[in-house]
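Q: Sharing a structure, written as structure tokens. Questions coming.
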Amino acid sequence: MIGQTTHPVLPMPDHDELALQNFVKSFKLHIAMKIVPGNKTVFDKRVKPSFEREEGRAPEDRHEIRKALADDVYYGLWGSLFRTSQEMSWDCVVSSIDRQLPDLIQASRTNGDSLGTLELDSSTEIPGYLEAVDFHAMPGGYHREFADDDVSAGALYDRGGYLYSMGAWGPMLDAMGQRMVSYLSENRPEFQPKAILDMGCSVGHSTLPYVDTWPDAEVHAIDVAAPLLRYGHTRAEHFGKKIHFAQQDCENTQFEDESFDLIVSHILVHEMPEAAIRNMLRESHRLLRPGGITMHVDLSLYQDLDSFDEAMLDWDTYYNNEPFWSVIRQMDPPSLMAEAGFSKDKVIQQLVSRISNQSPVFADGRNSGGRSNWFIFGAQK
Ligand SMILES: C[S@@+](CC[C@H](N)C(=O)[O-])C[C@H]1O[C@@H](n2cnc3c(N)ncnc32)[C@H](O)[C@@H]1O
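The number in our numbering is simply the position in the sequence shown, starting from 1, with 19 added.
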């Protein structure tokens with residue numbers, strides 16, 4: 020059982036590859052369920068008392084907590100296991116992609132444009148922050164190409180992302196898109212967008228639910244990475260979803276003013292530096308029609324966590340190739356939206372306790388190092 024809904028560009032594991040992939044998924048679950056909670060015990064019983072003895076006061080913020088934890092053997096063991104499992108999530112998919120790459124590329128070439136479209140623009144500049152680091156330790160990053168018409172980054176993100184999320188984002192990895200659509204259906208039932216844009220869409224995991232919810236809307240999805248877009252286009256066509264994919268920078272798109280009613284992103288903002296976030300929000304304001312809505316979903320802001328969970332979440336900044344992981348988490352969404360041109364009384368903010376009901380990790384509602392809470396923010400124009 021691969022657990023994921025299959026399609027022509029998904030790299031299919033052979034027997035041994037699947038055994039390793041299933042091990043990695045279970046290993047990650049084991050770490051999340053059994054090892055992560057011990058960090059809190061160790062902090063309360065060992066690290067905090069020792070800090071208090073030495074400093075005569077409690078640690079003040081996530082930085083002091085992280086530094087104090089860094090010397091503890093249990094936290095070190097957890098971090099090492101976590102980083103190892105992270106690298107394994109990608110590595111255990113690479114061999115199956117290498118083995119099938121010519122077939123995956125061929126499947127993507129012959130897919131055609133029966134429903135949606137794919138517009139690649141090789142002059143699109145890859146932002147320096149994506150060039151500089153392979154985010155979340157995904158080898159090659161999002162945009163690098165190793166063959167003509169390459170789709171390998173898409174294949175790696177799709178299968179590796181399923182293992183990374185331990186299956187919690189569902190067999191279509193669309194839990195975030197589903198959550199955003201539910202938010203709108205529950206809170207703005209009258210809102211019926213005719214044109215939708217998904218920014219930083221990657222392979223379109225989160226884009227598909229918008230097509231299902233508003234079948235008459237024109238749905239666009241942009242990303243700077245060509246291998247992801249080729250892959251996403253083939254995948255969407257296979258599932259019968261009409262999406263227009265285009266290689267564009269969300270800080271400065273090619274679309275006309277007031278082109279969209281709804282502009283969304285899913286786990287994009289935590290990978291952007293502050294200036295890029297501000298540019299993207301300003302660009303969203305330009306692209307929205309009056310009355311249009313923009314919304315972004317990501318893991319929790321620090322303001323909604325206690326300092327220990329902040330420190331646990333902050334681990335990725337230092338050890339998981341997530342240099343901007345903390346940037347959005349310590350910003351103030353209402354001020355950001357106001358600066359981008361939105362009125363403060365039209366700001367949207369919602370805490371989401373769980374992104375998906377399919378997550379076995381957080382099914383008991385336990386906070387696992389800050390990772391069970393999510394956050395939606397945005398505004399209406
Ligand atoms: C974590 S992935 C997003 C995942 C995707 N939204 C989903 O729901 O599965 C971040 C994506 O943002 C893209 N990206 C980063 N900066 C961008 C920019 N300035 N313009 C367009 N895409 C960008 C990256 O190429 C990458 O595919």
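Here a beta-carbon is modelled for each residue, glycine too, at the ideal position from N, C-alpha and C.
Just so you know, these numbers come straight off a predicted model, no measurement behind them.
Could one say the Cβ of residue 207 lies closer than 9 angstroms to chain D's Cβ atoms, at least one of them?
A: Note that chain D does not occur in the displayed structure, where there is just one protein chain.
Q: Around the Cβ of residue 115, are there at least 16 other Cβ atoms within 10 angstroms (buried) or fewer (exposed)?
A: buried
Q: Which residues mark the beginning and the end of the alpha helix (DSSP H) in which residue 100 is found?
A: 92–128
Q: What's the call for residue 147, buried or exposed, on a 16-neighbour Cβ count within 10 Å?
A: exposed
Q: Mapping the DSSP letters down to three states, classify residue 309 as helix, strand or coil.
A: strand
Q: CA-CA distance, residue 330 and residue 130?
A: 45 angstroms
Q: Under the assumption that residue 343 contacts residue 289 (Cβ atoms under 8 angstroms), give the Cβ distance between them as a whole number of angstroms.
A: 6 angstroms
Q: According to DSSP, simplified to helix, strand and coil, what is residue 253?
A: helix
Q: Under 8 angstroms, with one C-beta from each stretch per pair, do the region 34–45 and the region 104–119 reach the 3-pair mark?
A: yes
Q: Take every Cβ of the region 63–78, pair it with every Cβ of the region 304–322, and state whether three or more of those distances are shorter than 8 angstroms.
A: no
Q: For residue 355, tell me which candidate among 236, 213, 398 has the shortest Cα-Cα distance.
A: 398
Q: Helix, strand or coil for residue 50? Go by DSSP, reduced to three states.
A: helix
Q: Check whether the Cβ of residue 34 sits closer than 8 angstroms to any heavy atom of ligand 1, and report yes or no.
A: Residue 34: no, Cβ never under 8 angstroms from ligand 1.
Q: Please return the same chain residues whose Cβ sits closer than 7 angstroms to the Cβ of residue 369, not counting the five positions on each side in sequence.
A: So the list reads 202, 395, once near-sequence residues are dropped.
Q: Would you mind reading off the limits of the alpha helix (DSSP H) that contains residue 84?
A: 81–89
Q: Do the CB positions of residue 28 and residue 226 come within less than 9 angstroms of each other?
A: no
Q: For residue 286, list the residues DSSP reports as bridge partners.
A: According to DSSP, which records beta bridges pairwise, residue 286 is partnered with nothing at all.
Q: Please classify residue 379 as buried or exposed, where buried requires at least 16 neighbouring CB atoms within 10 angstroms.
A: Its pLDDT being 49, under 50, residue 379 is placed unreliably in this model, and the coordinates cannot settle the point.
Q: From the DSSP output, read off the bridge partner residues of residue 240.
A: 217, 264
Q: Taking only runs of the alpha helix (DSSP H) that begin and end inside the region 130–168, which ones reach a length of at least 4 residues, in chain order?
A: The qualifying runs are 147–151.
Q: Note down, in chain order, each residue of its chain lying with its Cβ closer than 7 angstroms to the Cβ of residue 212, except the 5 sequence neighbours on either side.
A: 233, 236, 280, 281
Q: Is the beta carbon of residue 241 within less than 8 angstroms of some heavy atom of ligand 1?
A: yes
Q: Would residue 99 be called buried (16 or more neighbouring beta carbons within 10 Å of its own) or exposed?
A: Its Cβ having fewer than 16 others within 10 Å, residue 99 is exposed.
Q: Are the beta-carbon atoms belonging to residue 124 and residue 168 less than 9 angstroms from one another?
A: yes
Q: Classify residue 222 as helix, strand or coil using the three-state DSSP reduction.
A: Residue state, collapsed to three classes: coil.
Q: Would you mind stating whether residue 215 and residue 243 have Cβ atoms separated by less than 9 angstroms?
A: no
Q: Evaluate contact between the region 294–311 and the region 44–58, counting only Cβ atoms and requiring at least three cross-stretch pairs below 8 angstroms.
A: Counting Cβ pairs under 8 angstroms, fewer than three are found: no touch.
Q: Are residue 408 and residue 308 close, meaning C-beta to C-beta below 9 angstroms?
A: Because residue 408 is not part of the residues shown, which for the chain are 20 to 400, the question remains open.
Q: I want to check one thing, is the minimum distance from the CB of residue 191 to the heavy atoms of ligand 1 below 8 angstroms?
A: No, the beta carbon of residue 191 sits no closer than 8 angstroms to any heavy atom of ligand 1.
Q: Is any non-hydrogen atom of ligand 1 found closer than 8 angstroms to the C-beta of residue 287, if you look at the structure I gave you?
A: yes
Q: Using a Cβ distance threshold of 8 angstroms, determine whether the region 262–277 contacts the region 131–142, with at least three qualifying pairs required.
A: A contact exists between the region 262–277 and the region 131–142.
Q: Suppose contacts are defined by Cβ-Cβ distances below 9 angstroms. Is residue 247 in contact with residue 196 by that definition?
A: no
Q: For a test of the three-state rule: what should DSSP assign to residue 379, helix, strand or coil?
A: Note that residue 379 scores 49 on pLDDT, short of 50, meaning its location in the model is unreliable and no value can be drawn from it.
Q: So is the beta-carbon of residue 290 under 8 angstroms away from any non-hydrogen atom of ligand 1?
A: Answer for residue 290: yes, Cβ within range of ligand 1.
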